[in-house]
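Novice: This is the structure, below, for whatever I ask next.
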Amino acid sequence: MINVLQVGLGPIGLQIVKYITERKNIQIVGGVDIDPQKAGKTLNKLCDFNAPEVPVFASVSDALKKVTPAVAILTTVSKLTQIESQIATIAEHKLNIVSTCEELTYPWYTAPEIANRIDESCKKHDISCLATGVNPGFLMDYLPSVLTSVCQRVDHVAVSRIQNATPRRKPFQQKIGVGLSRNEFDQQRAAISHVGLPESVWMIAGALQWELDNVKETLQPVIADEKITFGTEVLATGKNRGVEQIATGYRDGKEVIVLKFRAAIGEQEPHDTVAIKGQPSFTSTIPGGVNGDVATAAITINAVRSAQKLDAGLKTMLDVAVPAFSL
1 MINVLQVGLG PIGLQIVKYI TERKNIQIVG GVDIDPQKAG KTLNKLCDFN APEVPVFASV
61 SDALKKVTPA VAILTTVSKL TQIESQIATI AEHKLNIVST CEELTYPWYT APEIANRIDE
121 SCKKHDISCL ATGVNPGFLM DYLPSVLTSV CQRVDHVAVS RIQNATPRRK PFQQKIGVGL
181 SRNEFDQQRA AISHVGLPES VWMIAGALQW ELDNVKETLQ PVIADEKITF GTEVLATGKN
241 RGVEQIATGY RDGKEVIVLK FRAAIGEQEP HDTVAIKGQP SFTSTIPGGV NGDVATAAIT
301 INAVRSAQKL DAGLKTMLDV AVPAFSL
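Under the numbering used here, the residue at position 41 of the sequence shown is numbered 41, and the numbers go up by one with no gaps.
In structure tokens form, the structure reads like this:
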């Protein structure tokens, strides 16, 4: 049985708690959240499912005075600058870490100084820190890297993740700017953009041992060309229904990796597709695509077992044994 401390009790954190209650080889021994409405309560008081009656603390330090986990699952923020201090605190308590922080998935090229500091902190305290998730962390980086295993030669990798945002949670729809005008989208562009796409390009390049010249990224709104009714809401013609984001990696002046992420209300043919050109060339598609909320929580839990086998330091999904499902 693996005892874990759940750090961060937002929607993903609580979904992880729910999924852990359905497993036999892992259990939550405590939760951590800075929200005063959550700290001081027990998990079962915060959840609408049969959660364990374990305490929620305001800090990791407070938690570790009362409980003894082996791993901290860290689901708090997306930005590397914000999570660095959180990782340092957990590392001081000598807990291995599995995190859903998007910018942490492969930060060696996007933020090398912070990545090196985190790596040094983890090694100093003899713990591992692994970032994972569905995207980044699996569908647009780890999976295409694995698929190249059957290739004698790889010339080009293209991945597209097309999502119908209609059934997704309201926070996700807000994150991709649903309902904004074009001007509002441009003003809020920094907050709207999907985090982690450049990291995914660099992860694939790392797996293939390609030295890239650079990585370029674009972000465009997906504007409704007709009125769309979804649930009890109506999206007027001309309003934004989502985002299309593309990250491209170049090697020796040529495009070699292209990742396309598109999430919008009313997408008719959602899918996850990996297309590899080389020897052999082939395309692999998951019709309908993988549910992001389910997959992020599931792979985070499944990666805990793999993370415990890692050497000390900041690790990526390329470093782990296959994080397969285990009941």
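Ideal Cβ placement from N, Cα and C applies to all residues, glycine included. Source: prediction; values computed, not measured.
Nearest to K79 by CA position, among K65, I228, D35, T100, is which residue?
Specialist: Within the sequence shown, the letter at position 79 stands for residue 79. Of the candidates K65, I228, D35, T100, the one whose C-alpha sits nearest the C-alpha of K79 is T100.
Novice: Just the Cα atoms here: how many angstroms apart are H125 and P221?
Specialist: Along the sequence shown, read from residue 1 onward, the residue named residue 125 stands at position 125. Along the sequence shown, read from residue 1 onward, the residue named residue 221 stands at position 221. C-alpha separation (whole angstroms): 44 Å.
Novice: Using only alpha-carbon positions, find the residue among S121, L180, Q173 that is nearest to A312.
Specialist: Within the sequence shown, numbered from 1, the residue matching residue 312 stands at position 312. Taking only the C-alpha atoms, the option nearest A312 is S121.
Novice: Taking the CB atoms as reference points, tell me whether I276 and T148 lie closer together than 8 Å.
Specialist: The residue labelled residue 276 in the question sits at position 276 within the sequence shown. The residue labelled residue 148 in the question sits at position 148 within the sequence shown. Result yes, Cβ atoms of I276 and T148 sit closer than 8 Å.
Novice: Would you check if there are 3 or more beta carbon pairs closer than 8 Å linking the segment 192–207 to the segment 294–307?
Specialist: With the cut-off at 8 Å, the segment 192–207 and the segment 294–307 do not touch.
Novice: Under 7 Å Cβ to Cβ from V77, same chain only, skipping five residues before and after it: list those, please.
Specialist: As a first step, residue 77 must be located in the sequence shown, where it is residue number 77. Taken in chain order, the residues that qualify are I83, C101.
Novice: Where does the unbroken beta strand (DSSP E) through N50 begin, and where does it stop?
Specialist: For the purposes of this step, residue 50 is taken as residue 50 along the sequence shown, with counting starting at 1. It is not in any beta strand (DSSP E) - N50 carries neither H nor E in the DSSP assignment.
Novice: Could you say which of A324, V320, V304, V157 lies nearest to E74 if we only look at CA atoms?
Specialist: What you label residue 74 is simply residue 74 of the sequence shown in a count that begins at 1. A quick correction: the sequence has Leu, not Glu, at residue 74. The candidate whose alpha carbon is nearest that of L74 is V304.
Novice: Can you list, in chain order, the residues of its chain whose CB lies under 6 Å from that of T273, leaving out five sequence neighbours each side?
Specialist: Here residue 273 corresponds to residue number 273 of the sequence shown, with the count starting at 1. Counting only Cβ-Cβ distances below 6 Å, and skipping sequence neighbours, we find S160, T285.
Novice: For A111, collect the residues of the same chain with a Cβ closer than 6 Å to its Cβ; drop the 5 residues on either side in sequence, then sort them by chain order.
Specialist: Within the sequence shown, residue 111 is the residue found at index 111, counting from 1. Once the five neighbours on either side are set aside, the close Cβ partners of A111 are L80.
Novice: Of all the options G31, F138, V54, which has the alpha carbon lying nearest to the alpha carbon of P323?
Specialist: One-based indexing of the sequence shown puts residue 323 at position 323. The shortest Cα separation from P323 among G31, F138, V54 belongs to F138.
Novice: Taking the alpha-carbon positions, what's the D252 to V154 distance?
Specialist: On the sequence shown, residue 252 is found 252 positions in, with the first residue counted as 1. On the sequence shown, residue 154 is found 154 positions in, with the first residue counted as 1. Rounded to whole angstroms, D252 to V154 spans 15 Å at the Cα level.
Novice: Return the first residue and the last residue of the alpha helix (DSSP H) that V60 is part of.
Specialist: Walking along the sequence shown from the start, residue 60 turns up at place 60. 60–63 is the extent of the alpha helix (DSSP H) around V60.
Novice: I'd like the span of the beta strand (DSSP E) that includes K315, first residue to last.
Specialist: Numbered from its first residue, the sequence shown carries residue 315 at position 315. Start and end: 313–315.
Novice: For a quick check, are the C-beta atoms of N135 and G292 less than 8 Å apart?
Specialist: Here residue 135 is taken as the residue at index 135 of the sequence shown, counted from 1. Here residue 292 is taken as the residue at index 292 of the sequence shown, counted from 1. Yes, they are a contact pair.
Novice: DSSP three-state label for K309, please.
Specialist: Position 309 of the sequence shown, counted from the start, is the residue given in the question as residue 309. Coil, per DSSP.
Novice: Do N96 and A332 come within 8 Å of each other at the CB atom, strictly closer than that value?
Specialist: Nothing about residue 332 can be reported from this structure: the residues present for the chain run from 1 to 327 only.
Novice: Give a yes or no on whether the C-beta atoms belonging to V67 and G30 are separated by under 8 Å.
Specialist: Against the sequence shown, residue 67 aligns to sequence position 67. Against the sequence shown, residue 30 aligns to sequence position 30. Yes.
Novice: Where does G206 sit, in a helix, a strand or coil, going by DSSP?
Specialist: Along the sequence shown, read from residue 1 onward, the residue named residue 206 stands at position 206. Of the three classes helix, strand and coil, the one that applies to G206 here is helix, per DSSP.
Novice: Check whether the Cβ atoms of G8 and D33 sit closer than 8 Å, and answer yes or no.
Specialist: Here residue 8 is taken as the residue at index 8 of the sequence shown, counted from 1. Here residue 33 is taken as the residue at index 33 of the sequence shown, counted from 1. Yes; because the gap between Cβ atoms is below 8 Å, this pair is in contact.
Novice: List the endpoints of the continuous alpha helix (DSSP H) containing Y250.
Specialist: Position 250 of the sequence shown, counted from the first residue, corresponds to residue 250. Where Y250 is concerned, there is no enclosing alpha helix (DSSP H), although the beta strand (DSSP E) it sits in stretches over 240–251.
Novice: With which residues is A111 paired in a DSSP beta bridge?
Specialist: Translated into the one-based positions of the sequence shown, residue 111 becomes position 111. None, per the DSSP bridge assignment.
Novice: Please name the residue or residues paired with P221 in a DSSP beta bridge.
Specialist: Stepping through the sequence shown from its first residue, residue 221 is reached at position 221. For P221, which the question treats as bridged, DSSP gives the partners V243.
Novice: With distances taken from CA atoms, which of S326, K216, G242, E22 is nearest Y109?
Specialist: On the sequence shown, residue 109 is found 109 positions in, with the first residue counted as 1. The shortest Cα separation from Y109 among S326, K216, G242, E22 belongs to K216.
Novice: Are the beta-carbon atoms belonging to A88 and L5 less than 8 Å from one another?
Specialist: Sequence index remark: in the sequence shown, residue 88 carries index 88 (1-based). Sequence index remark: in the sequence shown, residue 5 carries index 5 (1-based). No, these two residues do not count as a Cβ contact at 8 Å.
Novice: Leaving out five residues on either side along the sequence, give the residues of the same chain with a beta carbon under 7 Å from the beta carbon of I12.
Specialist: Counting from one through the sequence shown, the residue named residue 12 turns up at place 12. The answer, listed in chain order, is T75, T100, T296, A297.
Novice: Can you tell me the Cβ-Cβ gap for P270 and G289, rounded? I've got them flagged as a contact below 8 Å.
Specialist: Stepping through the sequence shown from its first residue, residue 270 is reached at position 270. Stepping through the sequence shown from its first residue, residue 289 is reached at position 289. Contact flag correct, Cβ pair sits at about 4 Å.
Novice: Under a Cβ-count criterion, where at least 16 other Cβ atoms within 10 Å of its own Cβ denotes burial, should E22 be classed as buried or exposed?
Specialist: The count along the sequence shown starts at 1 and reaches residue 22 at position 22. So E22 counts as exposed.
Novice: Are E404 and E103 touching if we call contact CB-CB under 8 Å?
Specialist: No information on residue 404 is available, as it lies outside the stretch 1 to 327 that the chain covers here.
Novice: By the three-class DSSP mapping on this structure, what secondary structure does L74 have?
Specialist: Indexing the sequence shown from 1 puts residue 74 at position 74. L74: strand per DSSP, three-state reduction.
Novice: Which residue from K239, D225, V234 puts its Cα closest to that of D186?
Specialist: Looking up residue 186 in the sequence shown gives position 186. Closest option to D186, Cα to Cα, is K239.
Novice: By DSSP's criteria, C129 is part of a beta bridge. Which residues make up the other side?
Specialist: By 1-based counting over the sequence shown, the position of residue 129 is 129. Its beta-bridge partners are I97, L314.
Novice: Which residue from I118, G249, T105 puts its Cα closest to that of G133?
Specialist: Here the question's residue 133 lines up with position 133 in the sequence shown. Looking at the Cα atoms, T105 is the closest of the given residues.
Novice: Could you give the first and the last residue of the continuous beta strand (DSSP E) run that contains T229?
Specialist: Against the sequence shown, residue 229 aligns to sequence position 229. Taken as a continuous stretch (DSSP letters only), the beta strand (DSSP E) holding T229 covers 228–230.
Novice: Quick one: Cα of G10 to Cα of G278, how far?
Specialist: Along the sequence shown, read from residue 1 onward, the residue named residue 10 stands at position 10. Along the sequence shown, read from residue 1 onward, the residue named residue 278 stands at position 278. Rounded to whole angstroms, G10 to G278 spans 42 Å at the Cα level.
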